[in-house]
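Residue numbers (my numbering): 201 to 748.
Just so you know, even glycine gets a beta-carbon here, dropped at the ideal spot from N, CA and C.
In this text, all values refer to a predicted model and were calculated from it rather than measured experimentally.
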Amino acid sequence: MNPALSGALGRATTTLKGFTPGQKAVTALALVAIVVGGLLFSRWAGQPTYAPLFTGLAGEDASAIVEELNAAGTPYQLEDGGSTILVPRETVYDTRIAMSGQGLPAGEATGYALLDEQSMTSSEFQQTTAYKRALEGELGKTIGSIEGVEAAVVHLAIPEKDVFTDDEDRPTASVLVETQRGRDLGSQQVQAVVNLVSSSVEGMDPDAVTVADATGRVLSSPDGGTGGAAGDLRSQQTRDYEDRVSSSLQAMLDKVVGPGHSVVRLTADLDYDQTQTTSESYTDPRVPPLADSTESETYTGAGAGQAGGALGYNGVLGPDNDTTLTNGAGAGGADSTYEKTKRTVNNSVNKVTEVRKAAPGTVRKLNVAVLLDTRTAGTVDPAQVQALVTSAAGVDAARGDTIQVSAMPFDDSAEQSAAAELAEAKAAEAAAARNALFKGVGLAALALLALLWGAVVRRRRRKKAAAQLSEDEKIQLEKLQAALELQAANEAAALEGASEALALEAADPVDPRAGQLALARDEINEMVQNQPEQVAQLLRGWMADRRS
Numbered sequence: 201m202n203p204a205l206s207g208a209l210g211r212a213t214t215t216l217k218g219f220t221p222g223q224k225a226v227t228a229l230a231l232v233a234i235v236v237g238g239l240l241f242s243r244w245a246g247q248p249t250y251a252p253l254f255t256g257l258a259g260e261d262a263s264a265i266v267e268e269l270n271a272a273g274t275p276y277q278l279e280d281g282g283s284t285i286l287v288p289r290e291t292v293y294d295t296r297i298a299m300s301g302q303g304l305p306a307g308e309a310t311g312y313a314l315l316d317e318q319s320m321t322s323s324e325f326q327q328t329t330a331y332k333r334a335l336e337g338e339l340g341k342t343i344g345s346i347e348g349v350e351a352a353v354v355h356l357a358i359p360e361k362d363v364f365t366d367d368e369d370r371p372t373a374s375v376l377v378e379t380q381r382g383r384d385l386g387s388q389q390v391q392a393v394v395n396l397v398s399s400s401v402e403g404m405d406p407d408a409v410t411v412a413d414a415t416g417r418v419l420s421s422p423d424g425g426t427g428g429a430a431g432d433l434r435s436q437q438t439r440d441y442e443d444r445v446s447s448s449l450q451a452m453l454d455k456v457v458g459p460g461h462s463v464v465r466l467t468a469d470l471d472y473d474q475t476q477t478t479s480e481s482y483t484d485p486r487v488p489p490l491a492d493s494t495e496s497e498t499y500t501g502a503g504a505g506q507a508g509g510a511l512g513y514n515g516v517l518g519p520d521n522d523t524t525l526t527n528g529a530g531a532g533g534a535d536s537t538y539e540k541t542k543r544t545v546n547n548s549v550n551k552v553t554e555v556r557k558a559a560p561g562t563v564r565k566l567n568v569a570v571l572l573d574t575r576t577a578g579t580v581d582p583a584q585v586q587a588l589v590t591s592a593a594g595v596d597a598a599r600g601d602t603i604q605v606s607a608m609p610f611d612d613s614a615e616q617s618a619a620a621e622l623a624e625a626k627a628a629e630a631a632a633a634r635n636a637l638f639k640g641v642g643l644a645a646l647a648l649l650a651l652l653w654g655a656v657v658r659r660r661r662r663k664k665a666a667a668q669l670s671e672d673e674k675i676q677l678e679k680l681q682a683a684l685e686l687q688a689a690n691e692a693a694a695l696e697g698a699s700e701a702l703a704l705e706a707a708d709p710v711d712p713r714a715g716q717l718a719l720a721r722d723e724i725n726e727m728v729q730n731q732p733e734q735v736a737q738l739l740r741g742w743m744a745d746r747r748s
């Protein structure tokens, strides 16, 4: 076995033997948790990521696709009640191409695809009906692509053209829209649906389109039914106008009496009817005429009396069968006269025709109410305030507008209570922040003390553990000391045997090596006493080398 590996295993075994039963149980549980977590992670990482293969499928198509996937052994998942099929992401395109080769999803022919199924023997009625169905399908798909629309169904009522009548019926349309979950169509989207349908059918007016949602709520109708998008839009426009004018008036009063010391309420009645006015005007009749002609006729002669019957007193029948008074007198044989004057005047008539269309949303009536706080606006004249508000809001008494300015004390108990609660909340928050700071500082100090104490304890334990040599280390140390003592004894005997030969010499009889050995032994003893940890590590290294 590799020495490094065997040494690591040995140290791990030794460390484990030194654990208490509780530490051993915790270590075992940790190892089990690591193994189980690793298995679960590897299993989760090994699972494929699913992506949609088809969405919005009919039941027949979903069943056929599932059968094909089972036959091919491709894993899949179903969502949205079976209308959505998920497959592994890396096989989406291959599976989709394979399903297309099988003619799936088959679906139902809609839109202009219906015209491809026409035969040579189709009648005119069949062709007209197929064209209408194709147009309905195309419109349904177009509306279904709008954001927030899940599906749409369009029905068209297109009257037949008749060459023998001038008055033709206009085409109409009805649209049923199914919105996505939690979504509603806005007024602009409803108007977009109306414009799309009316622009796609020849001769259809936008007013002839009815739009409803899946809940049966009418969003747009020819008669502008209430509850539709048009009514919601008008209500929103009215609220916006009221809020805009009220905010302007409130800002003006805040400059006068101070914020929170006045209240402005405004209700507006807006006219959303479209009106058209046609007026004709002529030039001044005193302008000189273009032409002026006069014709005069005079007749004088003997009268025929009254043979033809009475034409009136002293009257005759003129050339134009007109009865004309004469200045003749008396009887039938008297002379008579006839006069006729005719004048023709051609005036230059300049007629001006003016057509005026009033845009919807004009103000029909305004009602303004202003309330002032007497405790802060005591020096303000309500009449001046009323004049200012009347001018700023555009109040017109002739139109029936009303304005009322009143002054009375405000109840500010709620504001005072709220201010007190806010002050208490701020004080509590500041106190909590201080407590948290003190707690944090205390915990940090305790943690620092614990770290210092732990370091001191660990250092003492290491010194104590190093000072306490094991039995083998003690035996090795005793053997080393015995070997040193034996070597010193042998050297001493050798020195005594050689003393006779060196008796003649007056020099030092002691061999310098003996002093060196004694000095080394003293140094070893001193190291054992002063540096037991280093000596123990040295002995452990020697023992490991001998074992290997």
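Boundaries (first-last residue) of the beta strand (DSSP E) holding residue i
| i | result |
| --- | --- |
| Ile147 | The question about residue 147 has no answer here: the residues shown for the chain are numbered 201 through 748. |
| Pro252 | 250 to 254 |
| Ala598 | Segment: none, Ala598 is in no beta strand (DSSP E) and carries neither H nor E. |
| Ser374 | 372 to 379 |
| Thr321 | Counting along the chain, Thr321 falls outside any beta strand (DSSP E), and DSSP gives it neither H nor E. |
| Arg564 | 562 to 573 |
| Ala298 | Where Ala298 is concerned, there is no enclosing beta strand (DSSP E), although the alpha helix (DSSP H) it sits in stretches over 292 to 301. |
| Leu356 | 349 to 357 |
| Ser420 | 418 to 420 |
| Thr553 | 551 to 558 |
| Val411 | 409 to 413 |
Buried versus exposed, by CB contacts within 10 Å (16 or more), residue i
| i | result |
| --- | --- |
| Ile265 | buried |
| Gly210 | exposed |
| Ala614 | exposed |
| Thr500 | exposed |
| Val363 | exposed |
| Val377 | buried |
| Leu216 | exposed |
| Met299 | buried |
| Met320 | exposed |
| Ala180 | Within the shown structure, residues of the chain are numbered from 201 to 748, placing residue 180 beyond reach of any answer. |
| Ser242 | exposed |
| Ser322 | exposed |
CA-to-CA distance, residue j to residue i, given in whole angstroms
| i | j | result |
| --- | --- | --- |
| Ser617 | Thr579 | 27 Å |
| Gln450 | Arg575 | 18 Å |
| Gly640 | Arg658 | 26 Å |
| Gly273 | Gln302 | 16 Å |
| Glu495 | Tyr538 | 14 Å |
| Thr220 | Leu239 | 29 Å |
| Ser448 | Gln584 | 17 Å |
| Ala597 | Val545 | 49 Å |
| Gly383 | Ala334 | Just to set this straight, residue 383 is Arg in the shown sequence, not Gly. Straight-line Cα distance between these residues: approximately 28 Å. |
| Leu466 | Arg439 | 10 Å |
| Ser398 | Asp413 | 18 Å |
| Ala593 | Pro609 | 25 Å |
| Glu368 | Ser400 | 19 Å |
| Leu470 | Tyr331 | 45 Å |
| Pro305 | Thr255 | 10 Å |
| Thr372 | Asp405 | 8 Å |
| Arg556 | Asp473 | 14 Å |
| Arg444 | Ser479 | 35 Å |
| Val552 | Gln476 | 16 Å |
| Thr249 | Gly222 | 42 Å |
| Ser446 | Val464 | 6 Å |
Limits of the unbroken alpha helix (DSSP H) element including residue i
| i | result |
| --- | --- |
| Arg465 | No alpha helix (DSSP H) contains Arg465, which is instead part of the beta strand (DSSP E) from 462 to 471. |
| Asp261 | 259 to 272 |
| Val236 | 221 to 246 |
| Gln277 | Counting along the chain, Gln277 falls outside any alpha helix (DSSP H), though it belongs to the beta strand (DSSP E) covering 277 to 279. |
| Val394 | 387 to 400 |
| Asn586 | For the record, residue 586 in the displayed sequence is Gln; it is not Asn. Residues 582 to 593. |
Reference residue i, options the options, closest by Cα
| i | options | result |
| --- | --- | --- |
| Lys542 | Lys565, Ala559, Val555, Asp492 | Asp492 |
| Lys341 | Asp280, Glu624, Gln474, Val375 | Val375 |
| Tyr441 | Gln326, Gly561, Ala258, Glu402 | Gly561 |
| Leu566 | Val589, Glu554, Ser481, Asn546 | Val589 |
| Gly281 | Leu257, Arg296, Ser591, Leu269 | Leu257 |
| Glu347 | Trp653, Thr379, Ile234 | Thr379 |
| Leu385 | Phe254, Glu350, Thr475, Ala233 | Glu350 |
| Glu360 | Leu651, Ala352, Arg370, Val236 | Arg370 |
| Leu572 | Ala558, Val605, Arg564 | Val605 |
Closer than 8 Å to chain C by CB, residue i
| i | result |
| --- | --- |
| Gln604 | Annotation note: the requested chain C is absent from the structure, which comprises a single protein chain. |
Is there contact between the stretch 625 to 634 and the stretch 600 to 609, where contact requires at least three CB pairs shorter than 8 Å?
no
Three or more C-beta pairs under 8 Å: does that hold for the stretch 577 to 594 against the stretch 456 to 465?
yes
Taking three-plus beta-carbon pairs below 8 Å as touching, is the stretch 379 to 396 in contact with the stretch 408 to 418?
yes
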